[in-house]
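Chains as they are written, first to last, in this note's numbering: chain U, 1118 to 1683; chain F, 103 to 439; chain D, -7 to 329; chain B, 63 to 403; chain L, 42 to 372.
For glycine and all other residues, C-beta sits at the position ideal for the given N, C-alpha and C.
Take a look at the structure set out below.
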Ligand SMILES: Nc1ncnc2c1ncn2[C@@H]1O[C@H](COP(=O)(O)OP(=O)(O)OP(=O)(O)O)[C@@H](O)[C@H]1O
Ligand SMILES: Nc1ncnc2c1ncn2[C@@H]1O[C@H](COP(=O)(O)OP(=O)(O)OP(=O)(O)O)[C@@H](O)[C@H]1O
Ligand SMILES: [Mg+2]
Ligand SMILES: [Mg+2]
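Written as structure tokens, this is what we have:
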């Protein structure tokens, strides 16, 4: 059974702990400093999905976007659990609910300006949300506002319905006030208000899909050069007024970001101090593990936070014989979870063996293990065989497992499953698909998955924010499944689960609410629609040159707002 | 004279010069430009001329390896000028060709047996004691060891290879053999062996030869009659004796006097005619008499009117406005009327 | 000459059209043969939340319902005249030459390619300089010292060189020189030449050397073979008979003759490399055309794949054209008419 | 000592199949202003000899032996560099196939200029002037224009003229022409032979002309050397060789040749068999397997290598047949049959 | 009767007047075909012979992969997680090399590298051989056709070769391999992938052979023995198959041998880029792609890399030797 302990540095106070030790930045600031100046050098082995606040959906991007964009509310820039707390940013305070939490009102601070000097008004915030509605222009983004605000019927977003009256969804009674109207009560809308979509966008400067090439800054930094595919630089935004902004220290003079850099090289350079941060915050490459873990001195310069990400395998009940619970159970039992853990990167770089959905750091997490894969976590062949017999497939069956071709870890995990399920006669064929189309065309398209017998699909989900809703809703609610493809929930179809989700959303009492999320977690596991693999962990390397380094729990990686350069 | 075995009339071959993807014709090489002659059964007709004058092309036209662009070829009275390859097939037994290069004319991947036996196979002929026996007989005939049947060409010397080539032409007992420079690639000593062989075979098998060569001595040695070509035309055609002893065309004259004589005594007193320059390109031959650019006797008429090939003495035809050694002088102008 | 160039240019355009038609057909037909509908194809462009209705509209707008020829026609027209892409929120202008518009990145392909081009050109040309110098020099020395220790060592290394895939040598060199000795960058970085020539060269050093090693090995072998052949030519003997110094004989007479066939291969190699040094760029994560191609293929971005294929083909065609023209300069016997 | 003297020259090539004795003990002498003709069948070692004199085997696989004296200098033992400086200046060569013997990528002029400038320290302009002069002297029309043509733009005859111009550009004292006319038509061959004769008179060089055409040597040569299997088998004045040949091989050559000046209806008298392999030269007299008169040597032919002996007045023959026998065979058997017509 | 490369049957004694070097007193040389002569030359070329032996060895390895891997009790897809350090993912003790695992084990899953390399030979050689065969067949057919018929046929085929050579073949191959779905043309799984790779590689390499064959055919057509056959009344097919093809066998053989290593690299490149045969089927290129992430475990990079290197080298050595033997003037 997986223990839930969040790795923390055991006891040792980090006050003034300039040297740092393993996991030192999880709970304290390493290398604290107030020195301004210098350029922080970041690198990304891949590329941003988009720099546009209306379109970006990567955790690291939300972490990073705070440098140039200010949303209504934000996560505190602080180490440890504090990072999970919301604090007003553009708004003067957290949201004020009314109408049974169906209406939320925010007051904007005065004196906030765009990089060109024009003052930010509530209209700009409203426009930012409205434009993000258009998922044809912004295919990458989340759909929370689309789904929950009370939009007029047939509303198509700022571009296609420019003249629509959207007051039913968002009202701006004056330039400093913005009011959100929801279709249903939502007890913690403040999490919505921290989404990058609430970063104001000046309508006059909006260039639609091209806005990402030059986002108009409200934060302390603005774009200087931006070469898509190669990198960009941020410089100080002289229109940013620190007086309006207690959250940001804005230490460096600028940021130099390179994209599409060799991942191993990033590790080496960060370890060598030539580079300050691997911006994706997903941890080092496997090759670096062997250099870091065995060497205590090197290991001391790293942190190993548990994120809010679950790597899992969807078990598609639409694909026979997996429509039979017993057959799904066989998969759960037969899976060798230690092999999966290794495949995902091992204890440090991969994660902690997961027994349920909700990661330990998310309220509502409870320790339970519905289908124990043997005492050693290497799979329980006997029970799996029993389940197979009960399912009417005593000799096993054949099905396919999909994964994203570009992701070696998913491939390794799929191979590990293929290997361990093979022991009980479940023969898996590996089906790699390009990641861009993985959900839109293949694994996330129910028709395709069914026709092509994608019984299993490698999958991963990171909480959009640290609560049960933010984690579970998008992956277990059967109503988010779209026949046209693109759904992140590809397997869980249980009306009872849907009902429970509705209850949880309305529940204003946090404790009862978290109880319901636990219940949902258990129910899904009982259905055996999901085979949890690991709760992801990342081995992060602190740069020698970076100051003020700490892990922000909300993002599960270093906080880019706080960091400075020596 | 009996009916000629082979009769060629106004034979022409213009090779198109093409360009581009669509192979458009932009010009023509007039390799053979209207030649006429007969070959009588049992005789040897020699065809001489400098490089590029169209000798080989003539030979290939007669064997129908290439399609004539004009004129007529008659073999034993049959018009074979444009006869289809299918109908030619049986006739091919009667006309055979000996090639110049003993190295490229034998397929290096075939044994001697296969090479000499190929005519039987291609023509589908069964022989009494099997092909092998027939081939070995022929090998013997040309002076090769019949036991060489299973050898490959590269194991033989040039002279032996040429014998193999000759053996192949003899397989089908042809009536006419066209020999294109049969000895020019061989050393003198070997050359003589092959020349003798050709002569022996002629008398033994009653063959008729059309021998193409540029070596006037060889031609003098083996031919009964000789035709001299210049730039796709026959300029003079006569029996051996009169051609060598009293050539009429200035070109023939020049050609003969250019040949070095292996006799150091005579070299001082011999008078020579030296031609200037080289043979012009057949792509663009001089108008009218083609020789006028190099002829020391040329006059205005030579540049405007083409002299026809006329019989000036018995069996002596020449195409020249101002022939030498002509017996009685028929006015050249008269013929142009 | 001018007409030759014009003809070649026309043919180049024809060739590129054929390449584009084949590419187009394959990328648009194969998915359909595999059962994809136009909606399936449109689904990738409309975001994650589109309704079936929206997908249908998008498919229509993007012209996926039109016959292949119409779609190709649009594509071809775009190259000449530019194109407008109506992807919903607005019409996106893709100015000529429009090699397609990526609906995934929301960017026209051409500027992207232009952006990547300097990297690939730097990589290819830099490596080419090294490999030509190293390869040819080694080949010449080997040929001259044929059978010597140097020859055998160089040829063994060269054979080993051509026998190693670039991604293997690339990885090994990365591990050794970048990760290990840290004397070179690990790729991924590219500094434009104009920004800082020194950094530019330093960044590309390892890829250059690795790529050049592979090719130099091949060129050394080619040059050696070519030199051995030309050094047997009669004109080399003539040059020696004139009393030329051996070095002059080798370089001025021998090498000059041996280089022509290498020029052809060089043209083809360089053309192919300029069109994307796929393996090198992906091994060293250089943001060039080849990496772009891989990325485009990875996300199945058909317009980008089309664009990059065409640009790559363009380089080969142009390189061939240049080589042919150069040929006429190098070898006076080649006449371009 | 003569201007050029070869003493027991040997050129051997070690090959995979064995040692090729291309030239095996060749000696002769030649004076300025004289012409030596070397005749022999293909592969008898004619070209190898000429390349040996020019020192072009140096640095190659060939093993050289013996001595070559040119104007009092020994060349076989001399350094390659020294021999190089003599090439082109002191001795020059004309090759058989002028098209392949000239570099296709350089103009005719530049190839002559190059040859001239190696040995004469003059400006390009002067050298060019000289090249035009030389082209004019060998009879190329409009030499000032043709100097910039490429070899392929010349006809065969002009190319050979240009080759000659190139060879003569530095006034060499020894000129070797290796089959200078074999690739040419008779009419052009006659022009070239005339030209060479005239030029030799002007330059007073020693000329070696290599050919397998007895007619050509008869036209040009003062002395003739007949080679067989890498050895000299008969040497004498042109008259000696044509009027009083003493070696059966020479008889064979004469008998094999159809003559233009005589109408002969009888069969030619060829030599039987074919030339020997130079790796496995027949024991004894190399010619004995093909010799009609082998039986008259008393069995020595296949066991003993005959010596080159002088019969009279510088006429040398390498034959086991007694001198009288040779004489009588020639007078009674060979000569009549050659002249029968 | 025509024996292009076979052994002639008769062995009677004869003393030819022939001139073959060195035969003067050697008693009987039988008719030796050029093939036999080439073989004699090849036998003397020790390096090429060694290459040939390695090639044969590799082929045997490929054929008997299951037996060889089985002899060590290893399955190429079997995980050996217990041999892996679960934190660093690399084999315990660095490589895992030992009596059981000759080449050590892979990081992460502990699969036996030896058996994977051995099985990798199958895919590699199968694809390389069949793709070469395909391109040789297409190339020879079109090359001979173009060269023999000339004129407009030649123009069209030559231009087609130009077009093919202008294709950025690697980009195109990757794209094509990526675009073809999982089951098509009635094939699925490895069979489909292997066939697809064979097709792509074979289909894009034929112009190289095609050009060579065309050139050779053009020069053969000028040889007089072709005219000789025609003057005997032989038809096109006879000339192509009986007269020309035997002479083309040498270049075909040479270039096929030299094309195989190119195709081995081609296949490895495609697998390296992830569009080859699907995992877990082992391929050398695929292993290298995995090894890239674990460059700190050099043996993982080394063995598949060396497998490619040795295979390609062996073919190249053998091909070079073959060329020298069959076409000695190229030496
Ligand atoms: N297939 C062809 N296409 C174009 N031109 C040709 C062709 N064959 C021959 N010619 C040209 O026709 C002319 C006559 O050629 P032919 O081979 O008949 O001359 P020839 O008298 O046999 O010369 P040689 O003595 O050199 O063999 C030459 O100028 C040659 O270039
Ligand atoms: N570099 C070499 N290596 C080996 N053998 C050689 C070499 N050069 C010449 N030979 C051999 O030496 C012999 C004499 O050759 P050479 O070229 O002197 O003959 P040739 O008398 O000039 O004949 P041709 O009349 O054909 O020119 C030939 O058998 C030839 O094969
Ligand atoms: Mg001819
Ligand atoms: Mg010679």
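Is the separation between the beta-carbon of residue i and that of residue j shorter than 7 Å?
| i | j | result |
| --- | --- | --- |
| residue 1651(U) | residue 1461(U) | yes |
| residue 184(L) | residue 277(L) | no |
| residue 275(L) | residue 224(F) | yes |
| residue 5(L) | residue 201(F) | The structure shown does not extend to residue 5(L), since chain L is modelled only from 42 through 372, so no value can be given for it. |
| residue 130(B) | residue 287(B) | no |
| residue 229(F) | residue 236(F) | yes |
| residue 336(B) | residue 186(F) | no |
What residues match up with residue i in a beta bridge as DSSP calls it?
| i | result |
| --- | --- |
| residue 295(F) | Paired residue(s): none; residue 295(F) is not in a bridge. |
| residue 173(B) | None; residue 173(B) has no bridge partner. |
| residue 159(L) | Answer by DSSP bridge pairing: none, since residue 159(L) is not bridged. |
| residue 1517(U) | 1546(U) |
| residue 1622(U) | DSSP, once it has assigned bridges, lists no residue as partnering residue 1622(U). |
Give a yes or no on whether 7 Å exceeds the smallest Cβ distance from residue i to chain U.
| i | result |
| --- | --- |
| residue 319(D) | no |
| residue 47(D) | yes |
Check the Cβ-Cβ distances between residue i and every residue of chain F, and say whether any is below 7 Å.
| i | result |
| --- | --- |
| residue 32(L) | Not covered by the structure: residue 32(L). The range shown for chain L is 42 to 372. |
Quick check: is the beta carbon of residue i nearer than 7 Å to any beta carbon in chain B?
| i | result |
| --- | --- |
| residue 235(D) | yes |
Taking 7 Å as the threshold (beta carbon to beta carbon), is residue i in contact with chain D?
| i | result |
| --- | --- |
| residue 219(L) | yes |
Does the beta carbon of residue i sit closer than 7 Å to a beta carbon anywhere in chain L?
| i | result |
| --- | --- |
| residue 155(D) | yes |
| residue 159(D) | yes |
Problem set entry | Residues of the region 118 to 134 of chain D whose Cβ lies closer than 8 Å to any Cβ of chain L, in chain order | For the region 118 to 134 of chain D, there are no residues whose beta carbon sits under 8 Å from a beta carbon of chain L.
Problem set entry | Where the region 146 to 158 of chain L meets chain D: residues whose CB sits under 9 Å from a CB there | Taking 9 Å as the cut-off between beta carbons, none of the residues of the region 146 to 158 of chain L comes near chain D.
Problem set entry | Contacting positions in the region 1449 to 1475 of chain U - beta carbon closer than 9 Å to chain L | Those would be 1453, 1455, 1456, 1458, 1459, 1460, 1462, 1463, 1464, 1465, 1466, 1467, in chain order.
Problem set entry | Selection of the region 240 to 273 of chain D by Cβ proximity to chain B, strictly under 9 Å | For the region 240 to 273 of chain D, which is checked against every Cβ of chain B, the residues closer than 9 Å are 240, 244, 245, 248, 249, 252.
For this session: Just list the beta strand (DSSP E) runs in the region 137 to 195 of chain D, keeping only unbroken ones of 3 residues or longer that don't cross its boundaries, in chain order.
Result: The DSSP assignment places no complete beta strand (DSSP E) segment of no fewer than 3 residues inside the region 137 to 195 of chain D.
For this session: Would you list, in sequence order, the uninterrupted beta strand (DSSP E) runs of no fewer than 3 residues that lie entirely inside the region 204 to 289 of chain D?
Result: Counting only runs of 3 or more, we get nothing.
For this session: Report the residue ranges of all beta strand (DSSP E) runs contained in full by the region 138 to 189 of chain F; include only those spanning at least 3 residues, in chain order.
Result: 146 to 151, 172 to 177, all fully within the region 138 to 189 of chain F.
Exercise. Using a Cβ cut-off of 7 Å, which residues of the region 121 to 141 of chain F contact any Cβ in chain B, in chain order?
Worked result: Those would be none; no residue qualifies.
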